[in-house]
Structures are given as structure tokens and as C-alpha cells.
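Report on one structure; see the data block that follows.
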Amino acid sequence: MTLTIDHFYILVGLLLASVAILNLLDRSNPRRFTTALFWGLYAVLYLAGERIDPAAIGALMIGMALLAGFGGVRAGVAATSSAAERRTSVARLGNRLFIPALILPLVTVIGATLLKDVQLGGLPMLDPAHLTLVSMGCGAVAALAAACWLTRSTPLQGVREARRLVDAMGWAVVLPHILAVLGLLFSEAGVGKAVAHLTTTYIGLDSAFVAVAVYCIGMALFTIVMGNGFAAFPVMAGGVGIPVLIGVYGANPAVMAAIGMFSAYCGTLMTPMAANFNIVPAALLELPDKNAVIRAQIPSALPILVANIFLLYFLMNL
Amino acid sequence: MQSAVNLWPLLGVAVVVAGFLLRANPVLVAVAACGVTGVAAAMPVMVLLESLGTAFVKTRNLPLILLLPLAAIGLLERFGLRDQAQSVIAKVRSATAGRLLIVYLFARESTAALGLTSLGGHPTMVRPLVAPMAEAAAEAQHGTLPERVRYRIRAMSAATDNIGLFFGEDIFVAFGAIVLMHTILQAEGVEVDPLHIALWGIPTAITAFVIHAWNLRRLDAEIRRDVAAARAKDAA
């Protein structure tokens with residue numbers, strides 16, 4: 001039997017359903033019905049998404065966005081341990097608390113590297129198409145088991161704590177997901193082609209340095225709009241990189257590709273569209289300013305982008 | 001003006017830019033942009049709903065990396081994982097928030113370069129360990145921190161994880177981005193060795209480390225200044 005990503009979709013679906021139920025029963029949540037509906041709809045996507053008509057799922061997504069956009073997703077009063085309780089348990093458990101926390105990345109890495117080719121009954125043990133995520137799922141389950149054993153708690157308590165964290169993040173949890181949908185729609189509607197058309201038509205590329213700068217800055221700007229360097233790369237490489245940098249100025253394709261992608265990453269560091277890297281951590285770290293992580297990254301991203309332009313200019317003809 | 005390329009879908013991009021500038025709820029902005037893009041590309045409503053739904057199901061794997069670890073991490077936090085991380089780092093006399101984050105940047109970037117990208121991450125490392133440790137290091141040095149400084153240290157912890165990951169993973173030859181670049185170039189008729197793409201990433205990876213480490217060093221000075229300013233304000 002192969003452990004596939006579908007098993008973990010069900011697991012996450014059950015977790016989200018629990019978040020919905022716990023919120024529904026929580027009278028301290030000022031919007032408990034809409035909050036429960038929001039997480040309940042998200043649970044449906046994971047538990048039965050592939051069996052429902054796509055148009056209905058589209059409507060479900062819009063419904064979730066409206067619930068989130070008009071303040072329907074709130075948190076109850078978080079009930080967790082007091083500082084005194086934590087002092088007692090730290091005195092008892094000490095550094096052993098780190099063990100489950102380290103089991104998670106360790107199992108993930110072992111699964112993704114050592115167990116990659118292991119087969120059970122002729123089938124791969126871990127879904128090769130989603131190896132890292134499936135390994136991480138195993139890591140998460142192993143870490144939860146270890147944490148329960150260490151603290152003598154039930155998995156249900158783990159679910160309650162997960163709900164506390166999900167509540168604290170609120171709608172930010174689904175933002176990366178919805179932005180990914182927007183990204184796919186952008187490419188389906190030909191946004192990439194339109195941008196490439198504009199850059200190549202209206203910007204003169206008659207000096208090597210200008211062409212390099214347009215390519216790198218274009219990568220970053222396009223990523224800022226799309227939220228994903230992988231969407232920017234084909235557009236800028238196809239629009240400027242291959243025809244101009246390689247075709248006209250004889251650039252080494254490997255240098256053009258490597259530094260181009262890194263320029264796109266500079267854009268990723270500066271955009272709220274890359275929500276899973278920028279907005280979700282702000283929510284996870286309970287920062288009042290949702291753009292605080294982006295603000296912290298701009299002083300590094302801009303100089304790296306400038307450095308990229310010079311690196312590409314000087315290295316591309318070596 | 002007649003052009004072979006349809007520029008109307010760019011309206012969707014305009015909605016995103018306007019929405020973020022007006023600080024509207026990002027989820028609403030994204031869905032509004034979906035609607036505008038669909039209309040601009042002349043998609044019938046049902047077709048638009050269907051492609052939204054198909055995409056929403058197809059991208060379900062994305063939130064897993066955030067949601068799966070929460071039960072274990074939350075449970076450990078309840079029993080004092082973050083408190084323990086803080087007391088461990090408070091004992092290291094020479095630790096400052098900036099130095100600790102430089103060490104983490106190095107560890108994150110070099111392990112990502114070896115393909116071990118899942119050794120870090122916001123839910124699994126930054127929230128339970130890195131951010132509390134960086135805060136505790138600053139606290140051991142300066143005493144109780146003003147909220148503003150606390151938030152700044154947390155934001156820098158998240159930024160350090162991102163920068164280490166991004167500029168490390170791309171010099172690992174089996175990483176998805178390298179495969180993607182190789183495939184795209186090949187489709188355009190450009191032959192290139194994936195190993196060379198990975199190797200030519202190294203100059204930028206080193207530059208990124210130096211630049212961000214420099215900013216982390218400045219973080220320590222900034223913390224010192226802000227704490228002193230807050231003290232002076234309280235005393236006045």
C-alpha cells in the first residue's frame with residue numbers, strides 16, 4: 001500500500017472539521033456560526049473536494065472569501081496553559097520538550113531522502129509525486145504521538161491546541177491557497193503574455209546593461225504581482241532572457257537562468273501576494289502589522305536585487 | 001489600436017495592486033481579481049466558476065505544510081516548549097538576537113542548499129523555537145523589551161527563515177526550480193546542464209548571506225537604541 005497525499009487531505013479535513021465544531025460550541029466567539037461555517041466549508045474541500053462538481057467548489061471558495069472578507073471569521077477566547085502551569089511542566093520535562101519538535105523535521109528528511117525508493121508489496125511506500133509533503137505528514141503524526149507520550153496528553157488535546165493556533169491566524173490560513181488559484185487563473189487568461197508584450201514593446205533593450213537590468217527587475221516586479229517566481233520565470237526568460245540576453249548578447253544560459261530566478265525571489269520577499277512566506281508568518285507570530293515581515297525583508301531584498309544585476313552583467317559572458 | 005495580444009486580463013493585476021494599496025482584506029481582493037480577470041478574458045460565469053473550483057482542488061496541497069504540524073507544535077507549546085527554548089538561550093552569555101539569527105541564517109541556507117529544506121519553516125521552527133530564542137537573547141541583554149522591539153525581532157526571525165530558504169534551495173540541483181528552469185529552457189531549444197544552473201546560483205547565495213547578515217548585525221544596534229529610547233520616554 002502506498003501512503004498518499006489523499007490520506008493527509010482526510011486528516012487535515014478532520015482537523016478543520018474539529019476546528020469548525022469547537023468554534024460552533026464556543027460561546028466566547030462573537031461570530032461562532034459564521035466562523036464554524038467558514039472552517040466547515042474548508043473541511044468539505046479536503047474531505048470531498050474531488051467528488052464535488054468544480055463549479056460548486058468555485059462557489060464554495062467565493063462563499064469562504066465573502067465570510068472572511070466581511071469579518072465573519074473570528075477567534076474565541078484562547079484557553080491554554082498559564083505561565084505558572086508551564087513553569088511546572090518545564091521543570092518536569094526540561095530539554096525533553098525538544099525531542100518531539102525535532103522528530104518532525106527529522107522524520108520529514110528521512111522520508112524524503114532515505115525512504116524515497118522503499119517499496120512495499122511492489123508499490124512505493126510513500127507517494128513519489130508528493131514525497132516531501134507525505135514525509136512531512138508522517139513527521140507531524142510521529143511528533144504528535146511523541147508529544148502525547150511525553151506530556152501524557154490525548155491527541156484530542158493536540159487538536160484543541162491546533163484550533164487555538166488556527167483561530168489566531170484566522171483567514172490568513174486560506175490566503176495562500178486562494179492566491180494560488182488566482183495565479184492559475186492569471187496564466188489561463190494570458191496575463192503573462194500581456195506583461196511580456198508590454199515590456200518587450202515599450203522598453204528599449206539596446207545596451208547589454210539595460211537588457212540585464214530589465215530582465216532582473218522585470219523578474220522581481222512580475223513576481224511581486226503574481227506572488228510566485230515560478231510564474232515569472234517563463235515569461236521573462238521567454239520575453240527577454242532567451243531572445244535578447246542569449247540571442248543578442250551571447251549570455252551563458254545557466255547564468256541567465258540561475259540569477260534570473262534569484263531576482264524573482266527578491267520579488268517574492270517584497271510582496272503580500274506570496275502570502276505563505278510573508279503574511280502567514282506575520283499571523284503565526286501574532287504581529288499586529290500584517291506587512292511586518294515584508295518590511296523586515298525589503299532592506300535585504302533590494303540590495304540583493306541590485307547585486308544580481310551586476311553579477312549577471314559581469315558573469316554572463318565568462 | 002489592434003494588437004494580437006489581449007491586454008484586458010491585466011485589469012486583474014490592477015485590481016490586486018489597487019486592493020493592496022487601499023489595504024482592503026486580501027482574501028476579498030484576490031477573489032475580486034479572479035472575477036475581474038475572468039470577465040476581462042471573456043469567460044462565461046459557469047466556466048469561470050469551474051476553473052476556480054478546479055484550481056482550488058488542485059492546489060489543496062499548499063496549506064498542508066502549515067496545517068499538519070499545528071497539533072504537535074501547539075501541544076508542546078502548552079507544556080512550555082517556547083519557555084524552555086528561551087531559558088536555554090538566556091544562559092548563553094554571548095548570544096544576541098542578531099548573532100543568533102545569523103547562526104540560524106547560516107544553518108537554514110546551508111541545509112537548504114543540501115536539499116534539506118524541511119529542516120526549517122515558520123510553523124515548525126520559527127514560531128516555537130527561533131523567534132522565542134531571539135526574543136529571549138535580547139531580553140537577557142536588555143531586560144524587558146518594549147512591544148515594538150519584540151514584534152521587530154519576530155518579523156526578522158521570519159525574514160531570516162525565508163531568505164535562508166530561498167537563496168539556499170536554489171543551489172540544490174534536484175530542487176523543483178532548477179528542474180523547472182531546465183524544462184523551460186529545453187522547450188525553447190536552449191540546452192543547459194542543470195548542474196551549471198545550480199553552480200551559477202552560488203555567487204548570489206553568498207551575496208544574499210552577506211547582505212542579510214549585515215542587516216542582522218544592525219538589528220542588535222537598533223534594539224539597543226529602541227530600548228534606550230523607550231526607557232528615556234518612561235523616565236520622562
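In the order they appear, the protein sequences are chains V and A.
Going by the working numbering, the first sequence opens with residue 1, and the numbers climb by one from there.
Going by the working numbering, the second sequence opens with residue 1, and the numbers climb by one from there.
Ideal Cβ positions, reconstructed from N, Cα and C, are used throughout, including at glycine.
Quick one, which residues of the region 65–82 of chain V are near chain A if we go by CB-CB under 7 Å, in chain order?
Cβ contacts with chain A: A65, A68, G69, T80 and S81.
Contact set for V/F186: own chain, Cβ-Cβ below 8 Å, skip 5 residues either direction:
On the first sequence, residue 186 of chain V is found 186 positions in, with the first residue counted as 1. Excluding sequence neighbours, V/F186 sits near G192, M226 and A231.
So which residues on chain V does A/S51 lean against when the C-beta distance must stay under 7 Å?
Taking the first residue of the second sequence as 1, we reach residue 51 of chain A at position 51. Under the 7 Å cutoff, chain V gives L185 and E188.
Mind checking if A/I163 is an interface residue toward chain V, Cβ cutoff 8 Å exclusive?
Counted from its first residue, the second sequence places residue 163 of chain A at position 163. Yes, its Cβ sits closer than 8 Å to a Cβ of chain V.
Can you look up V/P124 in the DSSP assignment and give me helix, strand or coil?
As a position in the first sequence, residue 124 of chain V is number 124, starting the count at 1. In the three-state reduction of the DSSP assignment, V/P124 falls in the strand class.
Using a Cβ cut-off of 8 Å (strictly closer), state whether V/M273 contacts chain A.
Start at 1 with the first residue of the first sequence, and residue 273 of chain V comes out as number 273. Interface residue (Cβ-Cβ distance to chain A less than 8 Å): V/M273 is classified as such.
Chain V residues whose Cβ lies nearer than 8 Å to that of A/A41
Your numbering for residue 41 of chain A matches position 41 in the second sequence. Taking a Cβ-Cβ threshold of 8 Å, the residues of chain V close to A/A41 are E188, A189 and G190, in chain order.
Mind checking whether V/A194 and A/L10 have CB atoms under 8 Å apart?
To locate residue 194 of chain V, count along the first sequence from 1; it is residue 194. To locate residue 10 of chain A, count along the second sequence from 1; it is residue 10. The Cβ atoms of V/A194 and A/L10 sit closer than 8 Å to each other.
With distance defined between alpha-carbon atoms, name the residue in V/V181, V/V134 and V/I279 nearest to V/P54.
Taking the first residue of the first sequence as 1, we reach residue 54 of chain V at position 54. The shortest C-alpha separation from V/P54 is found at V/V181.
From the beta carbon of A/I65, is the nearest beta carbon of chain V less than 8 Å away?
In the second sequence, residue 65 of chain A corresponds to position 65, counting from 1. Chain V, which has a Cβ nearer than 8 Å to the Cβ of A/I65, makes this yes.
With 16 other CB atoms within 10 Å as the buried threshold, where does V/E85 fall?
Locating residue 85 of chain V in the first sequence gives position 85, counting from the first residue. Classification for V/E85: exposed.
In whole angstroms, give me the CA-to-CA distance for A/F172 and A/A112.
For the purposes of this step, residue 172 of chain A is taken as residue 172 along the second sequence, with counting starting at 1. For the purposes of this step, residue 112 of chain A is taken as residue 112 along the second sequence, with counting starting at 1. For A/F172 and A/A112, the distance between alpha carbons rounds to 7 Å.
Check the Cβ-Cβ distances between V/K193 and every residue of chain A, and say whether any is below 8 Å.
Within the first sequence, numbered from 1, the residue matching residue 193 of chain V stands at position 193. Proximity of V/K193 to chain A, defined by a Cβ-Cβ separation below 8 Å, is satisfied.
In chain A, which residues lie with their C-beta within 7 Å of the C-beta of V/A84?
Indexing the first sequence from 1 puts residue 84 of chain V at position 84. Chain-ordered listing is empty here: chain A has no CB closer than 7 Å to the CB of V/A84, the nearest sitting near 11 Å.
Taking only beta-carbon atoms, is V/F230 less than 8 Å away from chain A?
Here residue 230 of chain V is taken as the residue at index 230 of the first sequence, counted from 1. So, interface residue.
Tell me the DSSP bridge mates of A/Q186?
Residue mapping note: residue 186 of chain A aligns to position 186 of the second sequence, counting from 1. According to DSSP, A/Q186 bridges with nothing at all.
Buried or exposed: which applies to V/T35, given that a residue is buried once 16 or more other Cβ atoms fall within 10 Å of its Cβ?
Position 35 of the first sequence, counted from the first residue, corresponds to residue 35 of chain V. With 16 or more Cβ atoms within 10 Å of its Cβ, V/T35 is classed as buried.
Among the residues of its own chain, which have a CB less than 6 Å from the CB of A/R148, if the five just before and after it don't count?
The count along the second sequence starts at 1 and reaches residue 148 of chain A at position 148. Taking C-beta separations shorter than 6 Å and ignoring five residues to either side along the sequence, A/R148 has no partners in its chain.
If you compare alpha carbons, which of V/F38, V/C216, V/H130 and V/L47 is closest to V/L60?
In the first sequence, counting from the first residue as 1, residue 60 of chain V sits at position 60. Selection V/F38, V/C216, V/H130 and V/L47 evaluated against V/L60 yields V/F38 as nearest (Cα-Cα).
Which parts of the region 40–90 of chain V are runs of the alpha helix (DSSP H), unbroken and 4 residues or longer, counting only runs that do not cross its ends?
Here the runs fully enclosed are 54–69.
Using a Cβ-Cβ cutoff of less than 6 Å, which residues in the same chain neighbour A/R86 once the five nearest sequence positions on both sides are dropped?
On the second sequence, position 86 is the one that residue 86 of chain A refers to. Residue identity differs from the one stated: residue 86 of chain A is Gln in this sequence, not Arg. Annotation for A/Q86: P132 and A136 place their beta carbon closer than 6 Å to its own, counting only its chain and skipping 5 residues before and after.
Cβ-Cβ separation, V/G239 to V/T199 (assumed contact under 8 Å), whole Å
Looking up residue 199 of chain V in the first sequence gives position 199. Looking up residue 239 of chain V in the first sequence gives position 239. With 8 Å as the limit, V/T199 and V/G239 qualify as a contact, their Cβ atoms being about 6 Å apart.
V/Y265 at chain A interface by Cβ criterion, 8 Å:
Indexing the first sequence from 1 puts residue 265 of chain V at position 265. Yes - at least one Cβ of chain A is within 8 Å of the one on V/Y265.
I'd like to check one pair, A/L105 with A/A160: are the Cβ atoms closer than 8 Å?
As a working note, residue 160 of chain A is residue 160 in the second sequence. As a working note, residue 105 of chain A is residue 105 in the second sequence. Before going further, note that residue 160 of chain A is Thr rather than Ala in the sequence given. Yes, they are a contact pair.
Sort V/A146, V/L41, V/L221 and V/I304 by Cα distance to A/P69 and report the nearest one.
Sequence index remark: in the second sequence, residue 69 of chain A carries index 69 (1-based). By alpha-carbon distance to A/P69, the top candidate from V/A146, V/L41, V/L221 and V/I304 is V/A146.
Cβ-based contacts, 8 Å cut-off: residues of the region 91–122 of chain V near chain A:
For the region 91–122 of chain V, the set of residues with a beta-carbon nearer than 8 Å to any beta-carbon of chain A comprises L93, G94, N95, L97, F98, P100, A101, L104, P105, T108, V109, A112 and T113, in chain order.
In three-state terms, what does DSSP make of A/V16?
Working through the second sequence from its first residue, we reach residue 16 of chain A at position 16. Judged by DSSP in its simplified three-state form, A/V16 adopts helix.
List, in order along the chain, the chain V residues whose C-beta lies closer than 7 Å to that of A/R154?
Locating residue 154 of chain A in the second sequence gives position 154, where the first residue counts as 1. For A/R154, the neighbours in chain V by C-beta distance under 7 Å run, in chain order, L285 and L287.
In terms of alpha-carbon separation, which member of V/N278, V/M261, V/C266 and V/F209 lies closest to V/V248?
In the first sequence, the residue the question calls residue 248 of chain V occupies position 248. When V/N278, V/M261, V/C266 and V/F209 are compared, the shortest CA-CA separation from V/V248 is found for V/F209.
Hey, V/L106 and V/L115: beta-carbon distance below 8 Å or not?
Here the question's residue 106 of chain V lines up with position 106 in the first sequence. Here the question's residue 115 of chain V lines up with position 115 in the first sequence. The answer is no: Cβ separation not under 8 Å.
When you compare the CB positions of A/P123 and V/L287, do they come within less than 8 Å of one another, or not?
As a position in the second sequence, residue 123 of chain A is number 123, starting the count at 1. As a position in the first sequence, residue 287 of chain V is number 287, starting the count at 1. Their beta carbons are not under 8 Å apart, which means A/P123 does not touch V/L287 by this criterion.
Contact belief for V/R301 with V/M270 at Cβ below 8 Å, rounded distance in angstroms:
Working through the first sequence from its first residue, we reach residue 301 of chain V at position 301. Working through the first sequence from its first residue, we reach residue 270 of chain V at position 270. Checking the sequence shown, residue 301 of chain V turns out to be Ala, not Arg. Between V/A301 and V/M270 a beta carbon distance of about 5 Å is seen, short of the 8 Å cut, so the two are scored as contacting.
Have a look at A/R73 and V/R160 and give me their C-alpha separation to the nearest angstrom.
Numbered from 1 along the second sequence, position 73 holds the residue referred to as residue 73 of chain A. Numbered from 1 along the first sequence, position 160 holds the residue referred to as residue 160 of chain V. First, the amino acid is wrong: residue 73 of chain A is Ile here, not Arg. Their backbone Cα atoms lie some 12 Å apart in a straight line.
Could you name the residues of chain A that V/N276 contacts, counting a contact when the two beta carbons are closer than 9 Å?
Taking the first residue of the first sequence as 1, we reach residue 276 of chain V at position 276. Within chain A, the residues near V/N276 are L62, P63, I65, L66 and H122.
Cα-Cα separation between A/T117 and A/A232, rounded to whole angstroms
On the second sequence, position 117 is the one that residue 117 of chain A refers to. On the second sequence, position 232 is the one that residue 232 of chain A refers to. About 43 Å.
Counting only beta-carbon separations shorter than 8 Å, does A/V30 have a partner in chain V?
In the second sequence, residue 30 of chain A corresponds to position 30, counting from 1. In the sequence as presented, Val is not what sits at residue 30 of chain A; that position holds Ala. Judged by the 8 Å Cβ criterion, A/A30 is in contact with chain V.
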